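Each residue of the sequence shown is one higher than the one before, starting from 0 at the first, in numbering that gives the first Met the number 0.
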Amino acid sequence: MKKILSIILVLSLGVLPSFSQNRENFRTANQLFINGNYAQAKTLYEKLYLDTDFKEIILDNYIKTLLALNDFNEAEKIAKKAVKDNPKESQYLLTLARVYQKKGNNTEYNKLLNNVVQNLPADEFAISQLANSFFETRDYELAIKVFLNGRKALNNHSLFSYELINLHRYLRQKDQLTQEILNLLESREDYLPTAKMNLSRTYENDEDYKTLKGILLKRVQKNTPAITNFYELLGWTYMQLKEYPSALNQFIALDSRLNGNGSKVYDIISILMDNRDFENAQKGLEYILSKGNNSPYYVNAKIALLNVKKLQLEKSGLNKDKALVLAKDYETLLAEYGKNERTLFAIRELSKIKANYLNDTENSEKLLLEALEFKALRPDEISNLKFDLADVNILKGNPWEASLLYGQIEKSNPNTPVGQEAKFRNARLSFYNGDFKWAKAQLDVLKASTSQLIANDALDLSLIIQEHLEEDSTNTALNMYARSEFFREQRQFEKALPILDSILLIYPGTSLTDDVMLSKSRIFLSMNNFELATQSFLKLINDFPESIWADDALYSLGIIYQDNLNDKNKAIQYFEQLINNFPGSLFVADARTRYRLLRGDIL
């Protein structure tokens with residue numbers, strides 16, 4: 000090394016005429032070598048090889064030049080001389096080995112390689128250099144052997160972990176990669192994020208993660224309380240396998256063991272919610288709440304738990320007992336934090352539960368009127384409260400009061416989606432009341448709404464009116480249908496169903512048949528009668544495949560089989576049918592998300 004440095008120093012000073020000439024030869028030879036002009040380069044390297052100042056630094060390129068010219072004997076002679084002159088330098092043995100390889104003498108090649116790899120110096124830098132030289136020539140397996148044997152030579156089995164992990168990942172050697180990563184995690188807690196990244200880039204299927212799960216289960220059972228990485232990695236592995244309940248249990252156990260703040264448990268809640276696993280989402284949230292209000296997630300968890308219970312209530316249908324429990328939870332929250340702008344969400348949800356599930360429209364209305372008196376409400380909050388209040392008035396049988404509220408919302412929100420929603424609901428009230436021509440005029444305006452949902456709903460109702468007005472000038476069947484729809488919105492299903500059945504009996508073949516069938520299907524679904532709901536939706540699809548409600552029916556069937564009947568394959572079938580047959584449907588985006596989750600895709 001000192002010799003090389005002295006040569007570089009002399010080169011920089013540019014002294015001595017003979018040295019100056021060889022310096023120029025050195026530059027020229029290297030350029031010829033780079034350009035592939037090996038014959039000319041050889042002539043210059045031969046001269047430089049005789050100069051002790053240049054002999055060592057041109058040796059590698061000189062031998063490569065000789066090999067390129069198939070002058071194997073000369074290359075072997077020079078390489079052997081280098082080994083003899085530098086018996087402790089393993090790179091010269093490696094150079095000689097490559098000469099034998101090019102020469103086709105595999106016996107000597109393997110013998111020398113084995114000698115180099117098995118007799119490594121107790122020098123970490125030298126071992127790394129040797130391994131890197133194998134890496135550069137793509138002899139990756141040899142590089143791995145050097146690192147492994149280097150550990151033995153240095154009596155340190157934690158060395159070269161990062162290098163070995165990269166090599167195993169490159170070669171997709173999953174078992175070796177896994178063991179190296181787990182060994183490193185025993186001493187490097189901060190490596191966990193990188194470990195997950197390397198594993199996810201190498202693993203190809205569930206079987207890989209199942210193998211990792213088995214290894215981790217054995218490791219955590221060794222009772223090594225100081226090593227938390229394995230517990231967290233096990234939870235992550237459950238997540239990759241979509242074994243979310245097991246992942247939740249693992250993160251709860253880890254958080255409890257470390258007396259954590261519940262962050263990792265809270266992180267998994269949204270995934271459980273996306274997968275409609277409300278039971279385990281509730282379990283996780285209740286664990287966070289058990290840690291008390293010192294947890295930074297306490298308030299968020301309390302709110303999320305109420306939302307989970309609300310979704311469970313919606314899923315269970317008209318379940319009064321669950322509604323009473325949830326109403327009590329909201330009342331407890333309001334008692335703790337007061338009725339104010341910050342708790343407006345709870346006031347609105349409590350009002351809906353009282354009106355829709357407990358038939359307590361008086362107290363529902365009272366809650367909303369009190370909220371409207373809050374001083375710091377935003378315009379959108381006022382509009383939402385008025386929407387809720389209008390819904391309550393419809394349930395109470397006061398459609399005119401509801402119409403006034405919709406009018407106020409529309410006036411306060413001109414030419415906006417909120418104002419257009421209010422206009423649509425007012426037009427629908429006119430439809431319920433039998434004022435079909437006025438309703439259609441309003442709906443035709445809304446068909447150009449900037450909100451695709453409002454425009455679509457307006458178009459559907461306008462078509463129902465137009466088709467039947469052309470069919471029956473007396474509007475008798477349409478009046479019956481409109482009245483049944485009003486009863487359905489009031490949740491008076493016992494009044495709506497007989498009217499719908501009468502339409503089909505008195506007016507067979509009416510253009511309203513598919514509309515009646517959809518309304519009946521929705522009523523059965525609201526009543527939690529999933530058997531009748533699925534039968535009714537299927538009849539609609541089979542009898543009226545071209546109906547404007549066919550996509551609605553397919554989407555509803557997918558939801559029922561996913562959320563209520565727990566039939567994954569059926570749900571996939573109906574979501575797939577919707578996506579393929581009705582690509583322009585408003586339901587396609589959500590159907591595609593649900594379809595991919597059910598199929599196990601990574602979103």
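Beta carbons: idealized from backbone N, C-alpha and C, even for Gly.
For clarity, every value in this text was computed on a predicted model and none was experimentally measured.
I need the DSSP call for residue 529, collapsed to helix, strand or coil.
helix
Considering residue 190, what are the terminal residues of the alpha helix (DSSP H) in which it resides?
Here residue 190 belongs to no alpha helix (DSSP H), and DSSP marks it neither H nor E.
Backbone secondary structure at residue 393 - three-state DSSP:
helix
Where residue 59 falls, given that 16 or more other Cβ within 10 Å makes a residue buried
exposed
Please state the DSSP three-state secondary structure of residue 428.
helix
Do residue 233 and residue 271 have their CB atoms nearer than 8 Å?
no
Can you give me the start and stop residues for the alpha helix (DSSP H) that residue 244 sits inside?
243-257
Who are the near neighbours of residue 401 in its chain, counting only those whose CB is closer than 6 Å to its CB and skipping five residues on each side?
389, 392 and 393
C-alpha distance - residue 311 paired with residue 586, whole-angstrom precision:
22 Å
Helix, strand or coil for residue 450? Go by DSSP, reduced to three states.
coil
For residue 48, the three-state DSSP class (helix, strand or coil):
helix
Cα-Cα separation, residue 469 to residue 545:
20 Å
Sufficient close CB pairs (3 or more, under 8 Å) joining the segment 508-523 to the segment 531-539
yes
In the DSSP assignment, the alpha helix (DSSP H) including residue 236 goes from what residue to what residue?
228-239
Could you check where the alpha helix (DSSP H) with residue 167 kicks off and where it finishes?
160-169
What residue range is occupied by the uninterrupted alpha helix (DSSP H) comprising residue 586?
Where residue 586 is concerned, there is no enclosing alpha helix (DSSP H), given that its DSSP letter is neither H nor E.
Same chain, Cβ closer than 7 Å to residue 451, five either side skipped, listed in chain order:
585
Could one say the Cβ of residue 501 lies closer than 8 Å to chain C's Cβ atoms, at least one of them?
No chain C is present in this structure, which holds just one protein chain.
What span of residues does the alpha helix (DSSP H) with residue 497 cover, start to end?
492-505
Can you have a look at residue 278 and say buried or exposed, based on whether 16 or more other CB atoms are within 10 angstroms of its CB?
exposed
Nearest to residue 57 (by Cα), restricted to the options 70, 42, 69 and 71:
42
Between 386, 406 and 352, which lies nearest to residue 368 when the distance is taken from Cα to Cα?
386
Tell me whether residue 280 is buried or exposed, calling it buried when 16 or more other Cβ atoms sit within 10 Å of its Cβ.
buried
Please report how far the alpha carbon of residue 421 lies from the alpha carbon of residue 349, in whole angstroms.
22 Å
With a CB to CB cut of under 8 Å and the five nearest residues on each side skipped, what residues in its chain are close to residue 412?
378, 382, 418 and 421
Ordered along the chain, which non-local residues of its own chain (more than five positions away) have a Cβ less than 7 Å from that of residue 74?
62, 65, 66 and 98
Where residue 261 falls, given that 16 or more other Cβ within 10 Å makes a residue buried
buried
Alpha helix (DSSP H) containing residue 353: first to last residue?
343-355
Separation of residue 166 from residue 611, as counted between CA atoms:
Past the edges of the chain, shown from 0 to 602, lies residue 611, and the structure says nothing about it.
Buried/exposed call for residue 507, threshold 16 Cβ in 10 Å:
exposed
Under DSSP, the alpha helix (DSSP H) around residue 218 begins and ends at which residues?
205-219
For a test of the three-state rule: what should DSSP assign to residue 523, helix, strand or coil?
helix
Within 8 Å, strictly: CB atoms of residue 168 and residue 201
yes
I'd like to check one pair, residue 597 with residue 570: are the Cβ atoms closer than 8 Å?
yes
Quick one: what does DSSP say residue 603 is sitting in, helix, strand or coil?
With the chain covering only 0 through 602, there is no way to say anything about residue 603.
Could you give the DSSP three-state label for residue 541: helix, strand or coil?
helix
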